[in-house]
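Chains as they are written, first to last, in the numbering used here: chain A, 604 to 1112; chain B, 7 to 365; chain C, 67 to 373. Backbone N, C-alpha and C define an ideal beta-carbon position, used for all residues, glycine too.
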Amino acid sequence: MSNDPSAVLMKGITKRFSGVVANDGVDFEVKAGEIHALLGENGAGKTTLMNILYGIYRPDAGEIYINGNKVTIHSPRDAIRLGIGMVHQQFRLVQTHTVVENVILGSANGFRFREEEVRKKIEELANRYSLAIKPDARIWQLSAGEQQRVEILKALYRGAKILILDEPTSMLTPMEIEQLLKTLQRMTEDGNTIIFITHKLDEVTAVSHRVTILRQGKVMAVVETNKTDERQLANLMVGREVLFRLEKEPLERQEVRLRVENLTALNDKGLVALRDVSFSVHGREILGIAGVAGNGQRELLEAITGLRPLTGGKVWLGGKDISKASVRERVDLGLSYVPGERMTALVPNMSIAENLILKGYRKEPIAKGFFIDKRQLLQFANQLIREYEIATPGPEKPVKLLSGGNIQRALLARELSSGEGVLVIAYPTSGLDVGAIETVWRILLAQRKEGRAILLVSDDLEEILTLSDRVAVMYNGEIMGIVEASQENLEKIGLMMAGATRIPEEQWV
Amino acid sequence: MKYRVRIERRLDISPSVQIGAVIFSLVCAFVVIALIFYFLGVDPLNAYRRILIGGFGSIYGLSESLTKAIPLLLGGVGLALAFRARVYNIGAEGQILMGAIIGGGIGLALPNLPRGLLLTMMFVGGFLGGAIWGFIPAFLKTRFRVDEVLTSLMLVYVASDLVKYLVYGPWRGPEQRGFPYSSPFSSSAQLPHIGITRIHYPTLIIALIAVVFVYILLQYTKFGYEIRVVGENPSAGRYAGMNVDRVVLFVLILSGGLAGLAGVGEVAGIHARLGPPEGISPGYGFTAIIVAWLARLNPILTILTAFFMGGLLVGGDAIQTALNLPSATIFVFNGVILFFVIAAEWITNYRLSLEEIHD
Amino acid sequence: MIDFLVSVLSLTIPAGTALLLGTLGEVYAERSGVLNLGVEGMMIMGAITAFGVTFLTKNLLLGILAACVAGGLMALIHAYVSVTLRVNQVVSGLALTMVGLGISGLVGKQFIGMPLPVRMTPISIPVLSDLPVFGPVLFRYNLLVYISIGLVPVLAYILYKTNWGIVLRSVGENPAAADAMGVNVFLVRYLAVMFGGVMAGLGGAFLSVAYAPAWIEGMTAGAGWIVIALTIFSLYDPVRAMLGAYLFGGVRVLQFRLQPLGIPANLLNMLPFLITILVLVLISEQAFRRRIGVPAALMQPYSREDK
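This is the structure we're talking about:
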């Protein structure tokens, strides 16, 4: 390699968010003209690191050098001035405006809009890097791939030589992905530097020159892409000694309580989010759905709970077809759900007691005709508080006063008390401290022992392996395979999470 | 060590904070109003004294305050319900007018029915008139996702023009000699008063029943629980399987209907005829918004705030005549109080805190 | 017949001018994402300020400028409460309207019935104003009318063809996107709302100093609410705002003339509001919403943490 300074050099970057260490002494180097992949699962720290580079966050410690010069980046404006551009996973585009209007937003040079100049420049850039786009098209008319091109043009228009892409292919069709990868190669031929964040191994191997693997905030390795293979990458990405902090006794599972068959559904943008998803969950078992967030898990949860319509397939709850049932019907049939975003399942300003009856307020003895029996309500609430040891300043106090761990206890208490036999729970321990995590895990394992069927969605592999009997991996809206939850299967799970392998359905556990 | 003042959401909103905020905001409001008076050459202390005496200092003043409080209470308790569901019914003024039209129309059409029957029919009709006027924005919101603020506001002006059309046109009384009034109501169509006051007590009783009804609804029923959940956190409501549309429809229809009752009360209890819209309701629908907010959307407290605002209106009339001030003066009160009430909202939700910044 | 048309048209344009001025300002404010229900209050404060200052200083220009300042200051308060404190925009606007109505009534008491010492004379454009038909219809108005008409193409140009316009529209549609590109969302909203206030004040000034000219308590007579309706009706576009303003203004002026034809004036007055509701329903349909419609971030306060 030459002695030219690296395009990007980040040394000793550390960043903490309320006690959680997102980046721990990370050293990251990208050479000019290279395509560098940043690989890792959720929470590995990739997006945080790039957000620091782009000026959205300030690091607690560490230094940044661009082209050999030490810099401090206070805001995206500084980053843009240094020639850094970022294309986020969620596009920041104004839907009703044209491509041109979006590209030049905020790059105001003067008051007048020199239309001809701007168009020429955009067209030049578009042609140079095969980013074919109609300048006068409105954003809502464009496909996801075309919208992404607009985002890239936005960065290039402002003179970005270092381009960061966050999970760039999550919304693209295979053809668009190919097109994008070609574009990226073309850009590096011109001396541009590309960093892209991903969890997909095939992308890493297709175009990157080097890859840095992050895990739990630390750099695991930096390898040259053509000197490694998918297995090694998968191991670096997820490999660890799973601590198995809790004992999970093997239990014989009961009958099927929840079954989904050939589920298909669209996401909010109208693109396919679920492709032919099928699995079943038995009583006395925990089925863990592993996978990097954004691969359809949210849509799957919403489809099962009735918050999202299906475009195909069926859902059975204990033998009853609930595919067309409303949310309310599913709740009344005993489907319990603790969502990842806890605030959508709670009313922060209302009392703890009133939150505890959010699912059960229509049933006797709490409901009496049109009315709610306050005494029964309080009795019920106190009972749950005792049973689940929720630390509260009082059941009449607003629920937002509770700590994260106690909020989760309350949610579990509520859902487990009114449900019949199936619990759907997502990201159960996100944001909780170690003590709270252990409590939640104990509760779930206890429920499992009592015969409940639990569908667990999580991006924390340790959690999945500790709690689950079987693990299904979701990637790109599909189930890649279902295996037993064990240390030996970790590599296979990692490969599936990264889209590098698939297990035929006959071999599923 | 550098410090920075940060604005953060307050976690614990105890009742004392809420009451403190309301009192603080009222005090601020009165200080600002005093300043406005002072700069316009009016002696604020004199003005306040007269307002107090006018509104609350005599039997006559108290009875007038109570009289004005009746439509404010009906409107206010309905709006408190709607705002609890986070449905912003700004069109109460129009709903009052529609109630007056339908109720008054029934009174004019059937003047010879027995009084009890006629008045009941007028109230029912008035409720329906206001309810329909509330239904329209609700329908547009649930079916087309059109914001209820703009539609309910537009309908105020439609209602106002409708009243004008009727009293200048087909419903103008022949004996009115060109003035925009209907014929006077027959005695069957007029509400009884308490003694020599203008307090039309049947409407007052209805208003108090409405307060109790709304209170019980919100605190003790399943549907009231749904209303509160949907208003506080609509996504939690959907998560729990609640029918958000049903809540929106219900609160708009009910608050519209209650406002309609207020309209009937005004025409049958005070004016005994239909007249131009400002005569039927000099902004009661908008003042009711203040009544609801000042009561922090608590139905029981609207009794207090309605009486308070009623007294303020009467006091406003008093200083008008005594100090030769224009009738618009009362708007200054309404506006500044409303302003500081929403500022109080902010105080209760946020607080200032110092935090160290590391560099 | 021609005479009838000519007289009708030449009355329509001044009648719509106050509406036009107010609407042009409100269009800009709402395009940035802030609903300003205080227009009525700002207009009437503009009216009394213009009248009062002109009366006392005998200087028209000073009066009109003072009116603009009054409107702008009220709008500043609204902006602070709505954008910085992020408190309910609807109620803040309503409160300001009430305060405006009240203070203007108080201040204006002394000016009721007083004639304005300085008149604003219509300016007849030489030659053009002598044309048959077109002359009296288009070329014999006072300066503020010409200014209002002149502002239409200017504001349209700024809105659609300049960088500022793109920034303004983006803030109203997707403030997060604008913020990500380094735009100061707060500043843009403040400026847009204040511009709306200035224009409302100017519209009020027109009423008291040119159109009437006189001070009458409550003289805006709901014009501010019509401005709100017009803003929607015009689909947030300055040129359509002009057409709408003359339409709505014309209807008001015509109501008495049409009476002999059997069309009740008051029912006619309802029409603009009903049509506005219809427009609201139409643009809520997905197909329309993508092309033209209410700015997506209207009435939504913006804050970086809320992302």
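Sheet register partners of residue i (DSSP bridge)
| i | result |
| --- | --- |
| R722 (chain A) | Per DSSP, none; premise fails for R722 (chain A). |
| I767 (chain A) | A:M689 and A:I798 |
| G891 (chain A) | A:L1059 and A:V1074 |
| N626 (chain A) | A:K618 |
| K971 (chain A) | A:F974 |
| V48 (chain B) | According to DSSP, V48 (chain B) bridges with nothing at all. |
Any C-beta of chain C under 9 Å from that of residue i
| i | result |
| --- | --- |
| R695 (chain A) | yes |
| W139 (chain B) | no |
| P332 (chain B) | yes |
| L708 (chain A) | yes |
| R151 (chain B) | yes |
| R715 (chain A) | yes |
| L869 (chain A) | no |
| D49 (chain B) | no |
| M604 (chain A) | Note that M604 (chain A) scores 46 on pLDDT, short of 50, meaning its location in the model is unreliable and no value can be drawn from it. |
| N52 (chain B) | no |
| A349 (chain B) | yes |
| N654 (chain A) | no |
| H700 (chain A) | yes |
| F337 (chain B) | yes |
Min CB distance residue i to chain A below 9 Å
| i | result |
| --- | --- |
| N304 (chain B) | no |
| N249 (chain B) | yes |
| E239 (chain C) | yes |
| E238 (chain B) | yes |
| F229 (chain B) | yes |
| N332 (chain C) | no |
Same chain, Cβ closer than 6 Å to residue i, five either side skipped, listed in chain order
| i | result |
| --- | --- |
| G82 (chain C) | A311, Y312 and G315 |
| G109 (chain B) | M128, G131, G132 and V270 |
| I200 (chain B) | Y207 |
| G794 (chain A) | G636 |
| A562 (chain A) | Beyond the ends of chain A as shown, which are 604 and 1112, falls residue 562 (chain A); an answer cannot be given. |
Proximity test, Cβ basis, 9 Å: residue i and chain B
| i | result |
| --- | --- |
| R965 (chain A) | yes |
| F339 (chain C) | yes |
| S350 (chain C) | yes |
| M336 (chain C) | yes |
| P942 (chain A) | yes |
| E92 (chain C) | no |
| V950 (chain A) | yes |
Span of the beta strand (DSSP E), counted from its first residue to its last, around residue i
| i | result |
| --- | --- |
| T815 (chain A) | R813 to R818 |
| G615 (chain A) | V611 to F620 |
| D69 (chain C) | Run containing D69 (chain C): none in the beta strand (DSSP E); it sits in the alpha helix (DSSP H), I68 to R97. |
| N865 (chain A) | V859 to L869 |
| D251 (chain B) | Not the beta strand (DSSP E): D251 (chain B) falls in the alpha helix (DSSP H), residues V250 to E272. |
| V317 (chain C) | Where V317 (chain C) is concerned, there is no enclosing beta strand (DSSP E), although the alpha helix (DSSP H) it sits in stretches over P304 to L320. |
| E827 (chain A) | K821 to E827 |
| D167 (chain B) | Unbroken run through D167 (chain B) is the alpha helix (DSSP H), E154 to Y174; no beta strand (DSSP E). |
| G665 (chain A) | A664 to I669 |
Segment limits, alpha helix (DSSP H) that includes residue i
| i | result |
| --- | --- |
| I138 (chain B) | R121 to F150 |
Own chain partners of residue i with C-beta closer than 7 Å, once the 5 adjacent residues on each side are dropped
| i | result |
| --- | --- |
| G665 (chain A) | M613, K614, G615, I616 and T617 |
| L1004 (chain A) | P996 |
Under 8 Å, with one C-beta from each stretch per pair, do the region 1026-1040 of chain A and the region 973-983 of chain A reach the 3-pair mark? no
Meets three-Cβ-pair contact criterion under 8 Å: the region 324-344 of chain B and the region 98-105 of chain B: no
Determine contact between the region 94-108 of chain C and the region 132-148 of chain C, defined as no fewer than three beta-carbon pairs at a distance below 8 Å. yes
Does the region 681-693 of chain A come close enough to the region 642-657 of chain A that 3 or more CB-CB pairs lie under 8 Å? yes
Could you tell me whether the region 175-183 of chain C touches the region 293-306 of chain C, using the rule of 3 or more Cβ pairs below 8 Å? no
Pairing CB atoms from the region 111-118 of chain B with CB atoms from the region 180-192 of chain B, are three or more of them under 8 Å? yes
I want to know whether the region 226-242 of chain C touches the region 702-711 of chain A - three or more CB-CB distances under 8 Å. yes
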